[in-house]
Amino acid sequence: MTEIISIRKPLNPNADSDVESSDEEMLEASLAPKNNNQSIVTPGELITEDPIWMRGHGTYYLNEKTYSSVAGTISKVNKLLSVVPLRGRYQPETGDHVVGRITEVGPKRWKVDIGARQDAALMLGSVNLPGGVLRRKSESDELQMRNFLKEGDLLNAEVQSIFQDGSASLHTRSLKYGKLRNGYFVKVPSSLIIRQKNHLHELPGSITIIIGVNGYIWISKTLYQHQKSLPSTTGNNALDSTVSSAAAKSNSYTPGQGSVSITRLEEESSWEIYSDKNEPISVATKDTIARYANCVKALAKCDIGITETRIIAAYEASMVYENAGLLLDEETMKSIGEDVLNRERMRG
Amino acid sequence: MFKITLSPAERSYLHESLSCLSPIRPDARLNKQFRPLEATCSFLPGSNGSARIRMADGAECLASVKAKVVSLQLNNANSAQHLKNLIEVDLDINGIRDDSNLSSTIASSLKGSLVKHIPLEKLRLTHRYAFKLFIDIVVLSHSSVYPLTLLSLATYMALKSTKLPLLTSTVNDRDIEEQPMFSDDWESSLALFGDSSLSPPLLFVVAVVKDNIFIDPSPEEESVSENGICLTYANGKIISPLQTISLSPKDNTGINSAQILKAHALVKEIGPLVVKSLDEIVSDDSIKTIF
Amino acid sequence: MTDRRRILGPLDASPLTFESESVISALEGEASSKFQLKKLHVSQPSSGDDKIFVDMGLVTNCEGSCYMEIDNTLIQVSVYGPRPIRGSFIDTATLSVECRFLPFLTESKEFANGNGRNSLTEIEQRLSSFVYSCFVNTIILSKYPKSSIDIFIKVISVDSYDTNFIKLTNYLVNCASLSIVDAQIEVKDIITAGYIPTSIVTSFTNLHLPNDKIVGLYISDDTDAEIDDEKVLSSMIMECNKKARDLRSSLNKYLIQLVK
């Protein structure tokens, strides 16, 4: 029965006001371990009367008192006082690894939606063009920009710099950046993504995930197999079988194909990097991708910060449900979220 | 119209996943599985029947049924036509103009099927008076190209939860005109569909990709689908209207009758289950005293 | 630069003059003889009663047009495009279909939308969207990036007011199909529609393949047929398919004859 349709009643149908729901969110956020020691302020709340503090983002100054202008946590860096909003649009920072979608092809630049207040710019000069790194861009490149990237295309990139108006300038001048293929796109609030050294991870089941700092996540098939030991999982047959089947398939790949050094950029950087064609993807891999996507959605639903280890934990927890479609249910999502947090507590 | 843009690689990935022998939907649902819903009934104190339904992605629809006593203009020539006029459907989809093509086609397909499946004789109060039902449907937000499924689920629940006050005055006013009087006691009200053999119709939009049929397609599934079919289900049967709709202007191919029959079978299979879970919500919520 | 054509009128316009009675009758005679000459019956053999008069390319300021007469039902379809659109880039053409009844037809309450004639009535909308859904599947829109194709349908007169306009819808699809041919827009196939009286319209492309594809199907709510039964449903579809096929072969003959 629940396999077909699940309808539940709203939690509080008669007094379901916005105020309450935001309270709930804040309550949850305050329960999340990372916020344990930080106090939460709401807009208009007095932060300090001490004029010694420098006022940063999310604050304003009135009658020698500092107030919060957003709902969020107070952050103090030396003498700089700012409020980091709990929710809100992604604020790009230089060096962020982001996933974006082309919205417009303009003169010498692409406009990219990265979930920030303004679309980011990707200059024609900041991408690898077919033919190698040292190739000069010519007028013909300007005319065929749509052959490289066009409206709707997904790519991952790094934030190169921030313009005066707060919008970002991107670049894809590395082989780990560029057009995205062979996978599925999921969007989560950017506040759930924790900035880390590495945002590209390989997950069990020969899946690669790019967790964009902006909350755009790309889950795709791993194109090459690292002979890297997978994190020791429990004796989960279903997982093991997918891994082994994927490993068996990977034999057809030339080993070492994945380790592309910057010196080989020239050879690798052919038209292939702008292809729209997917590799053949097995049904099992597609199934795994869908399951990972649902796990990510479940973590987001529970307001749990999204990291590689948590995604793997959620994936393992989700194996209880044979039909990954059941993960869409709110109760199930909650239990997966609790499971993930419990595991973390156990590990310490 | 809500448009979602997908890159060619995403499109082909989705299309391929949906068209293989054992299709994989992007959210791993079964082909006949709905997205989780949240619903409540009888929550509008000023309406005779109401329902609210919400999807996890924020799509939300409200439906309200209000009954008003009207006097029947009596010319026996076309009383059937008159009874038809006792039902009025008003549809408002947020972000879409009321006179737009989408809005008016959805309204007309809904109206057509409703008129035939509401027990009109129950609306008839006396010789001179009858209830007129005003069915107002508001789609607060939606992501689908064709939000008919959501809308029809809400309308179903609103109609099922509709209660009409009990008439206390005389039924026969053929000779003497008399204003109809009603019982104050809401306990003794009559459910519109109480003991009727009729049941409000449900309209399902299914997406067709190759030989696979998908119920409740998500926006990205819609945009890679080859075709859409809208089917109506009531009383355990597939009924008319049945029509094809285009869910996406891209990659469309025609369909063949085998696919239509497949969709037919699918809706026939899930129909009773949907009705059952909707009815559970309706009967749960009907206990609530709201007046 | 303003568009002066709006003020000056078309180049080949001739001023309105009032002729004497005799000239008018002479002109009318001439017109009717021309009419007879052009007249070409496309018959729909299976239904028997449908004698169709078709003429293509009557409207000169559009890319393609078709005029159709079935008893007293008069339809005229004109196709504009593909023409360029302004604004952001799109990789396929956008299709729009607008169906209007001539104002004098809308005296009947069924058509009127009460407040003026600015927006389409519900029936017009439904007909438009049906024709749209048929052609969006047929026209190869990806061949025309950054352009739009507009189909304008004028219903000049309607013979019988069947409540759901099944017959009319059927004719509209066929007429629009011919005007698309006249406009030489690339299509997957010429689509034709067939109907049965218990209110159903289907449009088929005859892709010369064993299984025809349906691009539009509409079973209206006033059918009495038990479509719950799969057999009934498929036989209804089959019957319409047959009619559409028959019409298609007549149209093929007509078009070949036209070229000769």
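Residue numbers (the working numbering), protein chains in the order written: chain A, 1 to 348; chain B, 349 to 639; chain C, 640 to 899. A virtual CB, placed ideally from N, CA and C, is assigned to each residue, including glycine. Keep in mind it's a predicted model, so treat the numbers as computed, not measured.
Under the Cβ distance rule, threonine 592 (chain B) does not count among the residues neighbouring chain A, no pair being separated by less than 9 Å. What glutamate 104 (chain A) touches in chain C, judged by beta-carbon distance under 9 Å, is Ser727, Phe728, going in chain order.
By the criterion of a C-beta distance shorter than 7 Å, leucine 538 (chain B) is surrounded in its chain by Lys511, Leu512, Leu514, once the five residues flanking it on both sides are discounted.
Chain-ordered listing is empty here: chain C has no CB closer than 9 Å to the CB of isoleucine 441 (chain B), the nearest sitting near 14 Å.
Around glutamate 408 (chain B), the same chain offers Arg402, Leu488, Ser489 as residues with beta carbons nearer than 6 Å, after the five sequence neighbours per side are excluded.
Interface flag for arginine 195 (chain A) against chain C is unset, since no Cβ pair is found closer than 9 Å. Residues of the stretch 139-161 of chain A with a C-beta atom less than 8 Å from some C-beta of chain C are Arg146, Lys150, Glu151, listed in chain order. Neighbours of alanine 357 (chain B) across chain A, judged by C-beta separation under 9 Å: Asp153, Leu154, Lys179, Leu180, Arg181, Asn182, Gly183, Ser275, Asp276, Lys277, Asn278.
The beta carbon of alanine 415 (chain B) sits closer than 8 Å to those of Asn396, Leu471, Phe479, Lys480, Leu481, Phe482, Thr510, Leu512, all from its chain and outside the five residues before and after it, given in chain order. Following the DSSP letters along the chain, one finds alanine 313 (chain A) inside the alpha helix (DSSP H) bounded by residues 308-318.
Asparagine 560 (chain B) is outside the set of residues whose beta carbon lies under 9 Å from a beta carbon in chain C. For the pair lysine 432 (chain B) and leucine 473 (chain B), the CB atoms are not nearer than the 9 Å cut-off. Under DSSP, proline 204 (chain A) forms no beta bridge with any residue. In the three-state scheme derived from DSSP, where H, G and I count as helix and E and B as strand, threonine 332 (chain A) is classed as helix.
Within chain A, no C-beta atom comes less than 7 Å from the C-beta of threonine 497 (chain B); the nearest is roughly 11 Å away. Taking a cut-off of 8 Å for Cβ pairs, the stretch 292-300 of chain A and the stretch 316-334 of chain A touch, as three or more such pairs fall below it. What leucine 609 (chain B) touches in chain C, judged by beta-carbon distance under 8 Å, is Glu869, Leu872, Ser873, going in chain order. Secondary structure remark: continuous alpha helix (DSSP H) runs of at least 4 residues inside the stretch 752-819 of chain C, in chain order: 761-775. Of all residues in the stretch 325-345 of chain A, those with a C-beta nearer than 8 Å to a C-beta of chain B are Gly325, Leu327, Leu328, Asp329, Glu330, reading in chain order.
The CB of threonine 601 (chain B) comes closer than 7 Å to the CB of Asn776, Lys852 in chain C, given here in chain order.
Runs of the beta strand (DSSP E) spanning 3 or more residues and lying entirely within the stretch 461-498 of chain B occur at 477-489, in chain order.
Under the Cβ criterion (8 Å, minimum of three pairs), the stretch 563-577 of chain B counts as touching the stretch 589-609 of chain B.
Contact residues of the stretch 443-457 of chain B toward chain C are Asp447, Asn449, Ser452, Thr453, Ser456 (C-beta to C-beta distance below 7 Å).
Within chain B, the C-beta atoms nearer than 8 Å to that of serine 772 (chain C) come from Thr592, Ile593, Ser594, in chain order.
DSSP places valine 70 (chain A) in no alpha helix (DSSP H); its state is neither H nor E. Per DSSP, the beta-bridge partners of threonine 580 (chain B) are B:Leu551, B:Ile587. Per DSSP, the unbroken alpha helix (DSSP H) holding asparagine 891 (chain C) starts and ends at 869-898. DSSP, read as helix, strand or coil, puts tyrosine 274 (chain A) in helix. For lysine 598 (chain B), the chain C residues whose C-beta falls within less than 8 Å of its own C-beta are Thr731, Leu780, Ser781, listed in chain order. Taking every protein chain shown into account, the CB of serine 500 (chain B) has 16 or more other CB atoms within 10 angstroms, so this residue is buried. Leucine 614 (chain B): member of the alpha helix (DSSP H) spanning 605-633, first to last residue.
Under the three-state reduction of DSSP output, aspartate 96 (chain A) falls in the coil class, being neither helix nor strand. Closest by C-alpha distance to lysine 334 (chain A), out of A:Lys301, A:Ile306, A:Ser167, A:Lys187, is A:Lys301.
With contacts defined as CB atoms closer than 9 Å, aspartate 821 (chain C) and cysteine 738 (chain C) fail to qualify as a contacting pair. By the CB criterion at 9 Å, serine 888 (chain C) and methionine 695 (chain C) fall outside the cutoff.
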